[in-house]
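To keep things clear, I will list the structure first and then write my remarks on it.
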């Protein structure tokens, strides 16, 4: 659109320049004509002065005066045309200046448009690279989450097996004949079983919450990839959340392992005391 307007402006400028040149030529011709008439006027005046002293001066005088009036009329007409031409030239000059100013503005607008287009292309390329990086990072984090869940399931299965084994041991202790166990030993066994069940339930609750948090983190991760405006910030938050969940899982497993060792120690003491 800018190229079409610029071409039209340049064409108009060329036409107006041609008109101005034509007016200047016409003005020069008028000025030459006026000068010629003024010279003829001076010649006629001289002839009139010389004719006044001759016998046939009266007849010549009337003739010359008539020619002089005609020359004056022609001179006035030429002067009016000169004024008209000068006015047209001034108007044309103003139009030419306006066209020049408009062409300069159009040129500046084209340069600005090129600059903005270059910046837009650069921003688009940067955004495209950021999208590629986010997708790659999302795939990497998803693999880490899947690996973490897989390890978690394996550890959970092992702990469930140990819990079942320990529960069977406690049940076998409680099922022994009362005649061979003191009352305080039976109470201790019940209390130990309740403590262990409470620890197991707490662990299962924490594990369930951890699994839910990991799934939510996975969903939020893909939502963050789809969101172009705040994707990097959300991705950083999700990475922090994922690291926190990993640390929480490790701490939970350490606590459970410590409780498991304590319960085994108590069970061993119980067996020694029973023996």
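Residue numbers (full-length UniProt numbering): 1 to 275. Just so you know, even glycine gets a beta-carbon here, dropped at the ideal spot from N, CA and C. Just so we're clear, the structure is a prediction, and the values are computed from it rather than from any experiment.
Annotated as proximal: residue 75 and residue 37, with beta-carbon spacing under 8 Å. The C-beta distance from residue 16 to residue 86 rounds to 16 Å, too long to meet the 8 Å contact threshold. In the pairwise beta carbon analysis, the region 41 to 48 is classified as not touching the region 18 to 27: fewer than three pairs are separated by under 8 Å. Listed in chain order, the non-local C-beta contacts of residue 89 below 8 Å within the same chain comprise 20, 23, 24 and 27, local neighbours out to five positions each way being set aside. If you draw a straight line from the Cα of residue 91 to the Cα of residue 77, it is about 21 Å long. When 101, 252, 50 and 237 are compared, the shortest CA-CA separation from residue 202 is found for 252. With respect to residue 240, residue 148 sits apart: the two C-beta atoms are not nearer than 8 Å. For residue 82, the CB contacts under 8 Å within the same chain, skipping 5 residues up- and downstream, are 27, 30, 31 and 34 in chain order. One thing to note: residue 40 has its Cβ within 8 Å of the Cβ of residue 71. When 250, 254, 145 and 259 are compared, the shortest CA-CA separation from residue 242 is found for 145. Distances from the CA of residue 141 to each of 250, 108 and 219 were compared; the closest alpha carbon is that of 219. For residue 93, the CB contacts under 8 Å within the same chain, skipping 5 residues up- and downstream, are 20 in chain order. Around the beta carbon of residue 256, a 10 Å sphere encloses 16 or more other beta carbons of the protein chains shown; the residue is thus reported as buried. A residue is called buried when at least 16 other Cβ atoms come within 10 angstroms of its Cβ; residue 151 does not meet this threshold and is exposed.
Between residue 158 and residue 139, the alpha-carbon positions lie close to 29 Å from each other.
The alpha-carbon of residue 126 is positioned some 20 Å away from that of residue 113. Straight across, the Cα-Cα distance linking residue 84 with residue 66 is about 27 Å.
Around the beta carbon of residue 134, a 10 Å sphere encloses 16 or more other beta carbons of the protein chains shown; the residue is thus reported as buried.
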